[in-house]
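Residue 0 is where the sequence shown starts when you use numbering that gives the first Met the number 0, and the numbers rise one by one after that. Glycine included, each C-beta is placed from N, C-alpha and C at the ideal position. To start, the structure under review is shown below, and the notes come after it.
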Amino acid sequence: MEEQKFTEQRYRPPWRSFFWHAAAMVILLIAAVFFSVKGYFSGSVIWGLFLILVLYAVGDMVYRRFRVMLIVKSDEIALEKGFIGRHSIEISTKNIKTIQVKQSVIQRILDTGDILVASPGTDDYEIIVTNMPSPHAIRDIMQKRERAHDNEENSSSSE
0 MEEQKFTEQR YRPPWRSFFW HAAAMVILLI AAVFFSVKGY FSGSVIWGLF
50 LILVLYAVGD MVYRRFRVML IVKSDEIALE KGFIGRHSIE ISTKNIKTIQ
100 VKQSVIQRIL DTGDILVASP GTDDYEIIVT NMPSPHAIRD IMQKRERAHD
150 NEENSSSSE
């Protein structure tokens with residue numbers, strides 16, 4: 000039987016998943032323009048505060064995007080968390096019990112979603128990763144690799 004080669008695939012939350020951050024920055028811009036035109040505060044105070052809040056929002060977006068990585072390998076699923084320090088959990092594809100995708104209305108519009116992976120012997124999900132791009136496609140890749148692993152085991156045990 001021809002052996003299938005899978006490349007490792009890595010996923011991070013896409014920039015579009017930070018919709019609420021972008022919406023907050025637009026609201027802050029509108030508020031800054033409004034207060035600046037009305038003259039309630041000094042223009043430099045308003046725009047300085049606006050700049051600080053925008054920098055905070057952008058920093059939060061960068062932090063949230065780069066602190067999480069979902070790695071789909073041929074034989075395991077791994078979740079790495081952390082910006083400086085790292086924490087990781089791996090589940091072998093042969094030990095996957097459930098792969099669940101959750102999407103809110105906004106996530107469906109943005110084609111993002113949460114992926115939850117469980118293995119036998121646990122009551123909860125071991126891997127919970129939020130705001131992944133195209134979560135149904137990622138789930139399908141995980142399931143395909145799980146089935147390929149099962150097929151390899153079945154063909155090797157029948158020989």
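**Item:** Distance between S41 and R9 (C-alpha atoms, nearest Å)
**Value:** For R9 and S41, the distance between alpha carbons rounds to 47 Å.
**Message:** If distances are taken between C-alpha atoms only, which option among V44, D74, I83, E75 comes closest to Y62?
**Reply:** It is I83.
**Request:** Kindly indicate which three-state DSSP category K39 falls into: helix, strand or coil?
**Result:** The sequence as given places Tyr at residue 39; Lys does not occur at that position. Three-state DSSP puts Y39 in coil, outside helix and strand.
**Prompt:** Closest by CA to T97, which one among S87, Y55, M141?
**Reply:** Closest by C-alpha distance to T97, out of S87, Y55, M141, is M141.
**Residue span of the alpha helix (DSSP H) that contains I165, given as start and end** = With the chain represented from 0 up to 158, any question about residue 165 goes unanswered, as that position is not in the structure.
**Request:** Taking only runs that begin and end inside the segment 83-153, name each unbroken beta strand (DSSP E) of 3 or more residues, in chain order.
**Result:** Taking 3 residues as the minimum length, the beta strand (DSSP E) runs contained wholly in the segment 83-153 are 86-91, 97-101, 111-117, 126-132, in order along the chain.
**Request:** May I have a chain-ordered list of the alpha helix (DSSP H) segments no shorter than 4 residues that lie completely inside the segment 16-73?
**Result:** Qualifying alpha helix (DSSP H) stretches, in chain order: 18-37, 42-65.
**Request:** Grab me the residues of I45's own chain with a C-beta within less than 6 Å of its C-beta, minus the 5 sequence neighbours each way, in chain order.
**Result:** Sequence-distant partners of I45 (beyond 5 residues in either direction) whose C-beta falls short of 6 Å from its own C-beta, in its chain, are A31, F34, S35.
**Reference E79; option with closest CA among S73, V67, K72, I90** = When only C-alpha atoms are compared, the closest one is V67.
**Message:** If you measure between the beta carbons of T92 and P13, is that distance less than 8 Å?
**Reply:** The criterion of a C-beta distance shorter than 8 Å is not satisfied by T92 and P13.
**Message:** Out of G58, R64, L28, D59, which one is the CA nearest neighbour of L48?
**Reply:** It is L28.
**Asked** When the distance is taken between beta carbons, is I90 closer than 8 Å to I114?
**Response** No, Cβ-Cβ distance for I114 and I90 is not below 8 Å.
**Message:** Classify R144: buried if its beta carbon has 16 or more other beta carbons within 10 angstroms, exposed otherwise.
**Reply:** Around the beta carbon of R144, 16 or more other beta carbons lie within 10 angstroms, which makes this residue buried.
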